[in-house]
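Peer 1: Dumping the structure here so I can ask a few things about it.
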Amino acid sequence: MPVTNTTTASAVKGLTLHVYRNAAAEMDHTNGGITATATRVTLVGISVEDLGGEVTRLPDWQVSTPTEDAPPVVAVVNRRWNGTARYAFLAPAEIRDNEIQRPPAGRYMFGGNYAATHDSRFRNALSYYLNNEGPDVLRVHDRTEL
């Protein structure tokens, strides 16, 4: 499953993930992030920092169109601070002219919510890019203090 950047005019689609948050929380720890109200997000691509960080659409993920109720996110794969292992998280994305735009690195942080799906394509792709058994659930980095 090598990374290939496809520049196509086709509509952006992705996998629908369900948002998980603390049901007992009395406040929004995302500080107004997309998962403060959304119960679903749409995973539209993957960005691997080691490979330049460009957002790549994965053919297996082209299922659902993002909506206001399921806004677009990208899976960001990065190396741990000591460079020995990779990890992944989800970050908000914007779609302009059918191109996926990822926010600048460091703009968002973990706001306490997670997203997951039962669809094996999610885990299979993450396993490939992480070089280990992919997770079933990812942190959503949608908190901003700007």
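Just so you know, the sequence shown maps onto residues 275 to 420 in this note's numbering.
We put the beta carbon where it would ideally sit given N, CA and C, even for glycine.
Across which residues does DSSP place Phe363 in a beta bridge pair?
Peer 2: Position 89 of the sequence shown, counting from 1, holds the residue named residue 363. According to DSSP, which records beta bridges pairwise, Phe363 is partnered with Val350.
Peer 1: Apart from the five residues on each side of it in sequence, which residues of its chain come closer than 6 angstroms, Cβ to Cβ, to Tyr294?
Peer 2: Against the sequence shown, residue 294 aligns to sequence position 20. Cβ neighbours of Tyr294 beyond the five flanking positions: Tyr388.
Peer 1: On the criterion of 16 or more Cβ atoms from any shown chain inside 10 Å, does Leu400 qualify as buried, or is it exposed?
Peer 2: On the sequence shown, position 126 is the one that residue 400 refers to. Leu400 is buried by the Cβ-count criterion.
Peer 1: Just to confirm, are Val286 and Ile320 a CB contact at a threshold of 8 angstroms?
Peer 2: Here the question's residue 286 lines up with position 12 in the sequence shown. Here the question's residue 320 lines up with position 46 in the sequence shown. Result no, Cβ atoms of Val286 and Ile320 do not sit closer than 8 angstroms.
Peer 1: Kindly identify the DSSP beta-bridge partner or partners of Tyr402.
Peer 2: On the sequence shown, position 128 is the one that residue 402 refers to. Answer by DSSP bridge pairing: none, since Tyr402 is not bridged.
Peer 1: If we call anything under 8 angstroms between Cβ atoms a contact, is Pro377 one with Ala365?
Peer 2: For the purposes of this step, residue 377 is identified with residue 103 of the sequence shown, where counting begins at 1. For the purposes of this step, residue 365 is identified with residue 91 of the sequence shown, where counting begins at 1. For Pro377 and Ala365, yes; Cβs fall inside 8 angstroms.
Peer 1: Cα separation between Tyr382 and Asp371?
Peer 2: Taking the sequence shown and counting its residues from 1, the one referred to as residue 382 is at position 108. Taking the sequence shown and counting its residues from 1, the one referred to as residue 371 is at position 97. When rounded, the distance between both Cα atoms is 23 angstroms.
Peer 1: In this structure, how does DSSP classify Ser284 when only helix, strand and coil are distinguished?
Peer 2: Counting from one through the sequence shown, the residue named residue 284 turns up at place 10. Coil at Ser284, not helix or strand.
Peer 1: Measure the Cβ-Cβ separation of Val322 and Tyr403 and say whether it is below 8 angstroms.
Peer 2: As a working note, residue 322 is residue 48 in the sequence shown. As a working note, residue 403 is residue 129 in the sequence shown. A contact, by the Cβ cut-off of 8 angstroms.
Peer 1: Confirm the yes/no value for this check: CB of Arg353, any heavy atom of the ligand COA, distance under 7 angstroms.
Peer 2: Judged by which ligands are present, the structure shown has none, so any question about the ligand COA falls away.
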